[in-house]
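One structure is given here, and the rest of the page talks about it.
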Amino acid sequence: MSESRLGFTSTLRITPLWVVIIVDLLDLIFDTLAAPVVWFLLDRMNLKALRLLATVEAIVPFTQFIPTLTICWVLVNVFDVNLWE
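The opening position of the sequence shown corresponds to residue 16 in our numbering, with each subsequent residue numbered one higher.
Rendered as structure tokens:
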């Protein structure tokens, strides 16, 4: 199956941890300015299922200190939680 057709959980399962950490760090460092950069990077990496959550989290004020994608990655890959499919 093409990576662009995978759901959120399946995409997180194949995404390396360093990718989600970099996305969360971009959000922390650049605040709302990170939204277009995050969208572009995830689109170029063919991780389209992660774009919406990462971009919305980058736009919403005062959420920059919460590493949302990293938390989701740990839930999916370590604790085998099935998030949104």
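Using N, Cα and C, we set each Cβ at its ideal position, and we do this for glycine too.
Over the uninterrupted alpha helix (DSSP H) stretch that includes residue i, give me the two end residues.
i	result
L56	49-59
D39	32-45
N92	83-92
R20	No alpha helix (DSSP H) holds R20; DSSP gives it neither H nor E.
Taking 7 Å as the CB-CB limit, is residue i close to chain D?
i	result
V35	Absence of chain D from the displayed structure is noted, only one protein chain being present.
Comparing C-alpha positions only, which one of the options sits nearest to residue i?
i	options	result
A49	S25, P76, W88	P76
Q79	D95, I37, L62	I37
What do you reckon, are the CB atoms on residue i and residue j nearer than 7 Å?
i	j	result
L84	D46	no
A64	D42	no
T21	W88	Residue identity differs from the one stated: residue 21 is Leu in this sequence, not Thr. In this structure, W88 does not lie closer than 7 Å to L21 by Cβ.
Helix, strand or coil: which one does DSSP assign to residue i?
i	result
F80	coil
How big is the Cα-Cα spacing for residue i and residue j?
i	j	result
V53	T70	6 Å
F23	W99	6 Å
L68	F55	13 Å
N92	I86	10 Å
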